[in-house]
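Trainee:
There are 2 protein chains.
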Amino acid sequence: MAALREDSLAAAAAVDERRLCDRLDAMARIGAIPGQGVNRPALSPQDIEARALLLSWARELGLAASVDSIGNLFLRREGLDPSADPVMTGSHMDSQPKGGRFDGIYGVLAGLEALEAMAAAGVRTRAPVEVVAWTNEEGGRFPPCTMGSMVFAGARTVEDFADVRDNAGIRLGDALAQTLAATPDAMRRPPGGRVGAYVEAHIEQGPVLESAALQIGAVTGIQGMRWFNVEVSGESAHAGTAPVSLRRDALRQAVAMIGALRELTADPADVTRFTVGRMLVTPNSPNSVPSHVLFSVDIRHPDAAAIARLGEAVEQTCRALAGTCEVTVTPTLHDDPTAFDPAIVTLVEAASGAIGLPSMRLPSGASHDAMYMNRLCPTGMIFVPCERGISHNEAENAKPADLAAGARVLAATLAELANR
Amino acid sequence: MAALREDSLAAAAAVDERRLCDRLDAMARIGAIPGQGVNRPALSPQDIEARALLLSWARELGLAASVDSIGNLFLRREGLDPSADPVMTGSHMDSQPKGGRFDGIYGVLAGLEALEAMAAAGVRTRAPVEVVAWTNEEGGRFPPCTMGSMVFAGARTVEDFADVRDNAGIRLGDALAQTLAATPDAMRRPPGGRVGAYVEAHIEQGPVLESAALQIGAVTGIQGMRWFNVEVSGESAHAGTAPVSLRRDALRQAVAMIGALRELTADPADVTRFTVGRMLVTPNSPNSVPSHVLFSVDIRHPDAAAIARLGEAVEQTCRALAGTCEVTVTPTLHDDPTAFDPAIVTLVEAASGAIGLPSMRLPSGASHDAMYMNRLCPTGMIFVPCERGISHNEAENAKPADLAAGARVLAATLAELANR
């Protein structure tokens, strides 16, 4: 393994734990909810406020800001070779409805910290380095998740998602237009483009690093994921008068389907992940038989054959239990398992070792924007531990020293990549 | 059976089908939804608009309006004996979220038509006659149902319900204050008071009268009903990283509970009614394990012992399936089966027969405000057919001739009771 360049180590050494944590605290106040959590839905007023704060820091650092048609926000530090493909890092600023203060935003601010550390250490790079805040990674408000990176990678277009509606009926296209209008200073750019490499820092969201007492994880890949919306349509009726045998009760059938999907995905090895996280009942009144139920299905597995088998069985399982209701099963996301570039995984390990931080290799249980960037360029991720592996929860927590360690490895890795 | 008084028959004859249906049409425009339906939640702007329209008609007819602290609205035609207890009729103006244009509002407007018919026929009564529009009979927005009559009958107080919240988090107390502020012309009165008798007209909401090809049902009573809110609390977690075996998934346990409640209430005779009509999931995001689920349980049965047995088993059934979640089962309504006063049932039959309309006796599958009035005074109901028994559905429908027939029987019955 080759040794790291001096200036890569200098960039790592210039990372400031206090500055990074102060910025994390400032962001955590935007959309703060009780229990130290954050509710910052994609393209919401809180998202707009977070973008404005990030742009104010970018201005102080002299970074050039640009934004694409899905709202992905880019902050660029120029390199010595204007024709070189940029090295990118970043993550997302949106959160789950009851989310934590590190998920996503850590990767954006660790990227910003890496750029500031390079500047502080007087490190010039050949290629430009860009920090990106991807739009709507969570999909908590507008399914599906990783929307911004999906559009950047050309897997889907903005138009594909314009008519997606949140639980309040608001169109994504309208919320996006509001968000873009609130960011007049950032230069508009088309989605996509050439990228030299992409490295994303993130809290692990699982218990592995904490159990191993390690600060750094070199992420090898991301498990496969299938998402579906299941819509069950019956007929509303009076809860007191309609005989149960004659009802077309959408909730009754939805409950039966969820039970059968649970059996389908039962896994003694506890590797398969099955979640029904969203459910909307119409008319949602105690004494009306439900006429319509929409529920989400999220299935994940690291093995390509396993996830394919489970994903293919969802529609048939639901159809078999529709009774006298109608059922529509719509796939909303299909991600096969991802393997990151071995050279990037090795570089993250090398950077970590060079600055005295032991690391381990591990896969990601969660999906990330790195999944789509892996289609465009050599890609990897850096994980840092989080308390008890808890995430998508207000109680999500991480230690300042671990967060700074991740930013140091990121700074060294980015400097190394941008000087190749 | 004694013959009806001449002026009772004159009142019945003066009922105007066209006028009644025009008023029903005008009300159906307030909160109209596609498919000929109505969405007029209790204490909403639509409810306020319906109240204003009703009061405008009352003013034209010279009726005195008053309103009590839960928002029940009374329209009074004075009798010859100022000390006599009023004879009352009425129903409700709120609807289910996807409700029909006859449920409730028909009873209010049939009552108004009865008063106008008495005036047109020059019928004076000894006792005053009052039409009442009860607040929040449906409970679709603010559970439980029959709230206005419950408070009027002294079974509960306004304060008991002030903190009930709708699905948007709005307090009933605040919505009620807005509604009362929008009704400045109606004199304030305390809830309750002496009532001579109560007769409510309503569409059947079941298929019995239509099948029997009869226009009038003399209602003998109302089946028993138990309502519960079941709240399941777990812990939010990341859908990709949290092992299924370690999750405290509130939706998974709620689905298991609903399945078990369905088995508990399974009834080959198809008499038991079991409905889960309302379900709220938190945080309701596809890739977060649900931390909290609230669902409603509605169980009905005409037999007192059967409904008691089922009602008592709900909490234990849910507790047994809570897994590692916590569960709270809160009874929100407990109505034993109701038997109406035999003298009123007989009078409705007599009035129907005297004006040439054959009738039948039948029980009510739905609950009505008459249930609580039965605790205060001799009470009965008049049913008219509705198409295919469909109700709590936009497609609810009823024939003008049937609606007028019900109003005629109501006018004769009220005049008879008010002249005793």
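Sequence order for the protein chains is A and B.
So that you can map any letter, position 110 of the first sequence is 112 in my numbering, and since no number is skipped, the others follow by simple counting.
So that you can map any letter, position 219 of the second sequence is 221 in my numbering, and since no number is skipped, the others follow by simple counting.
Even for Gly, the Cβ is constructed at its ideal location relative to N, Cα and C.
1) Within 10 Å of its beta-carbon, does Gln318 of chain A have 16 or more other beta-carbons around it, so buried, or fewer, so exposed?
2) Using three-state DSSP, classify Met3 of chain A as helix, strand or coil.
3) How about Gln225 of chain B and Gly236 of chain A: do their beta carbons lie closer than 9 Å?
4) Mind checking if Val391 of chain B is an interface residue toward chain A, Cβ cutoff 9 Å exclusive?
5) In the structure shown, what three-state DSSP assignment does Ala12 of chain B receive?
6) Return helix, strand or coil for Ser1 of chain A, following the three-state DSSP convention.
7) On a Cα-Cα basis, can you pick out the residue from B:Leu412, B:Gly73, B:Gly81, B:Arg42 that is closest to Asn421 of chain B?
8) Quick one: what's got a C-beta closer than 6 Å to Arg212 of chain B's C-beta in the same chain, skipping five residues either side?
9) Could you tell me whether the Cβ atoms of Gly208 of chain B and Gly367 of chain B are closer together than 9 Å?
10) Report buried or exposed for Gly129 of chain A, applying the criterion of at least 16 other Cβ atoms within 10 angstroms of its Cβ.
11) Mapping the DSSP letters down to three states, classify Phe163 of chain A as helix, strand or coil.
12) Is Cys23 of chain B close to chain A? Criterion is C-beta to C-beta, closer than 9 Å.
13) Drop a sphere of 10 angstroms on the beta-carbon of Ala188 of chain A, count the other beta-carbons inside from all chains shown, and report buried for 16 or more, exposed for fewer.
14) Would you call the CB atoms of Asp9 of chain B and Ala86 of chain B closer than 9 Å?
15) Going along chain A, which residues have a C-beta under 7 Å from Thr330 of chain B?
16) What are the boundary residues of the alpha helix (DSSP H) that includes Gly113 of chain B?
17) Evaluate contact between the region 353-367 of chain B and the region 406-416 of chain B, counting only Cβ atoms and requiring at least three cross-stretch pairs below 8 Å.
18) Check whether chain A comes within 9 Å of Cys327 of chain B, counting only Cβ atoms and requiring the distance to be less than that.
19) If you draw a straight line from the C-alpha of Ile50 of chain B to the C-alpha of Thr148 of chain B, how long is it?
20) For a contact meaning CB atoms closer than 7 Å, what does Cys147 of chain B contact in chain A?
21) Which runs of the alpha helix (DSSP H) at least 4 residues long sit entirely within the region 44-99 of chain A? Give them in chain order.
22) If we define contact as Cβ-Cβ less than 9 Å, is Lys401 of chain B a contact residue for chain A?
23) Could you check the C-alpha separation between Ala14 of chain A and Ile218 of chain A for me, to the nearest Å?
24) Counting C-beta neighbours from all protein chains within 10 Å, is the total for Asp63 of chain B 16 or more, i.e. buried, or is it exposed?
25) Taking a contact to mean a Cβ-Cβ separation below 9 Å, would you say Ile424 of chain A touches Thr284 of chain A in this structure?
26) Residues of chain B with a CB under 8 Å from the CB of Gln225 of chain A: which are they?
27) Can you check whether the CB of Ser93 of chain A is closer than 9 Å to the CB of His370 of chain A?
28) Can you tell which of B:His303, B:Met227, B:Val210, B:Arg103 has its C-alpha closest to the C-alpha of Ala220 of chain B?
29) Based on the DSSP output, what are the partners of Tyr200 of chain B in its beta bridges?
30) Please tell me whether Ser293 of chain A and Ala252 of chain A are closer than 9 Å, where the distance is taken between their beta carbons.
31) Given a limit of 9 Å on CB to CB distance, which residues of the region 273-286 of chain A reach chain B?
32) Could you name the residues of chain A that Gly37 of chain B contacts, counting a contact when the two beta carbons are closer than 7 Å?
33) Just list the alpha helix (DSSP H) runs in the region 245-273 of chain B, keeping only unbroken ones of 4 residues or longer that don't cross its boundaries, in chain order.
34) Using only alpha-carbon positions, find the residue among B:Lys401, B:Glu396, B:Gly408 that is nearest to Gly37 of chain B.
35) Taking 9 Å as the CB-CB limit, is Gly208 of chain B close to chain A?
36) Under a CB-based cut-off of 9 Å, is Ala122 of chain A close to chain B?
Mentor: According to the structure shown:
1) exposed
2) Here Met3 of chain A scores only 46 on pLDDT, less than 50, and its place in the model should not be relied on; the value that follows carries that caveat. In this structure, Met3 of chain A counts as coil in the three-state DSSP scheme.
3) no
4) One detail in the question is off: residue 391 of chain B reads as Gly in this sequence, not Val. Chain A, which has a Cβ nearer than 9 Å to the Cβ of Gly391 of chain B, makes this yes.
5) Ala12 of chain B falls in the helix class under three-state DSSP.
6) The requested residue 1 of chain A is not part of the displayed model; chain A covers only 3 to 422.
7) Minimum Cα distance to Asn421 of chain B is reached at B:Gly81.
8) It is worth fixing the name first, because residue 212 of chain B is Glu in this sequence and not Arg. Result list for Glu212 of chain B: Pro387, in chain order.
9) In contact: Gly208 of chain B and Gly367 of chain B (Cβ atoms closer than 9 Å).
10) According to the sequence as given, residue 129 of chain A is Ala; it is not Gly. It counts as buried.
11) helix
12) no
13) buried
14) no
15) Going along chain A, no residue has its Cβ under 7 Å from Thr330 of chain B, so there is no contact; the nearest lies around 16 Å.
16) 107-122
17) Taking 8 Å as the limit for Cβ pairs, the verdict is that the region 406-416 of chain B does touch the region 353-367 of chain B.
18) no
19) 18 Å
20) In chain order: Asn289.
21) Runs found: 47-62.
22) no
23) 14 Å
24) Before going further, note that residue 63 of chain B is Leu rather than Asp in the sequence given. That one is exposed.
25) Because chain A here runs from 3 to 422, residue 424 of chain A falls outside it and cannot be looked at.
26) What Gln225 of chain A touches in chain B: Gly242.
27) yes
28) B:Val210
29) B:Met90, B:Thr381
30) Ala252 of chain A is positioned such that its CB atom lies closer than 9 Å to that of Ser293 of chain A.
31) Val273, Thr274, Arg275, Phe276, Thr277, Val278, Gly279, Arg280, Met281, Leu282, Val283, Thr284, Pro285, Asn286
32) Ordered by position in chain A, no residue passes the 7 Å Cβ test against Gly37 of chain B, which lies about 10 Å from the chain.
33) 252-266
34) B:Glu396
35) yes
36) no
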